[in-house]
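For the sequence shown, the working numbering begins at 8 and goes up steadily by one.
Idealized CB from N, CA, C, for every residue including glycine.
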Amino acid sequence: MGKVAVVTGGSRGLGKAAVLALAKRGVDTIFTYHRNATAAHAVVAQVQALGAKAQALHLDVSKPETLDDFVITLHTALREWNVSTFDFLVNNAGIGSYSTAADTSVELLDTMYAIHLKSVFLLVQKTLDTITDGGRILNVSTGLTRFVGPGHIAYACIKGAIEVYTRYLAQELGPRKITVNVIAPGATATDFNGGAVRDNEVYNKAVSNAVALGRPGQAEEIGDAVACLLSDECRWINGERVEVSGGQRL
8 MGKVAVVTGG SRGLGKAAVL ALAKRGVDTI FTYHRNATAA HAVVAQVQAL GAKAQALHLD
68 VSKPETLDDF VITLHTALRE WNVSTFDFLV NNAGIGSYST AADTSVELLD TMYAIHLKSV
128 FLLVQKTLDT ITDGGRILNV STGLTRFVGP GHIAYACIKG AIEVYTRYLA QELGPRKITV
188 NVIAPGATAT DFNGGAVRDN EVYNKAVSNA VALGRPGQAE EIGDAVACLL SDECRWINGE
248 RVEVSGGQRL
């Protein structure tokens, strides 16, 4: 049996790209989706076409109280492959938000916290006995923790917390030789935030002018970076924030 990854939010965007990049390296993946089962099943088929295995499980990370049931389902999925553990966890699932400090609602703040921090924290906690020693955990942050994007204060603040969490977790899991890192994508042409980077020509041009390599990133480039960081070649990278932005706002 080869390596097994668990990827949250793997049916679209950066998560899908990560699942496919891992499949090209022979990694089997159990990934989650929120609403679109059809899209999730299509990703499973793409993985299989690449010669790897995949399963799609439903998970709503805005409801951390459902994680106990999800972990039971995850264990069942692993047993279907005759394994009881997995090697890689990629905490990718998330949504964007647009608000200022003055108009951020309690509801929005609670949602950002539940999706981007609480569910990540608890999913790791509940699967620590299922991750193999010597495995990898990769969290997902954003370039917006380094530079300011107006209207992203709630999202960026919570992602900043994930970066701190990553360092603490790397220290705690060091005795088990589990590395923990956080990837920080820059502006990427996906359907995230309504596809603004991909579909809005004016915004796309503005982003391109702020990137040293002259364009927004593509989902596949982030997926390749994820697969690289999970590889044995990157075994000595630990507790780090790795920005993947083509040199945005240097």
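Touch test, the segment 35–50 against the segment 111–128, Cβ-Cβ under 8 Å, three pairs minimum: The segment 35–50, when compared against the segment 111–128, does not touch it at the 8 Å Cβ threshold.
Span separating the alpha-carbon of P223 from that of H48: The alpha-carbon atoms of P223 and H48 are separated by roughly 28 Å.
Straight-line gap, W88 to L237 (C-alpha atoms, nearest Å): Going by the C-alpha atoms only, they are around 21 Å apart.
R143 classed as buried or exposed, judged by whether at least 16 other C-beta atoms fall within 10 angstroms: Flag for R143 reads buried.
Between the CA atoms of Q178 and L135 - distance to the nearest angstrom: Their backbone Cα atoms lie some 14 Å apart in a straight line.
Environment of A226 [buried if 16+ CB atoms lie within 10 Å]: By the 10 Å Cβ count, A226 comes out buried.
V13 versus T107: straight-line alpha-carbon distance, rounded: Cα to Cα, V13 sits roughly 34 Å from T107.
Cβ-Cβ separation, M119 to Y175 (assumed contact under 8 Å), whole Å: That belief does not hold up - the Cβ atoms of Y175 and M119 are roughly 20 Å apart, past 8 Å.
Start and end residues, beta strand (DSSP E) containing E250: That run of the beta strand (DSSP E) goes R248 to V251.
Nonlocal neighbours in the same chain, by C-beta distance under 8 Å from I229, ignoring five residues either side: These residues qualify, in order along the chain: L21, A24, A25, I190, P192, T195 and V251.
Length of the line joining the Cα atoms of E208 and R86: Rounded to the nearest angstrom, the two C-alpha atoms are 47 Å apart.
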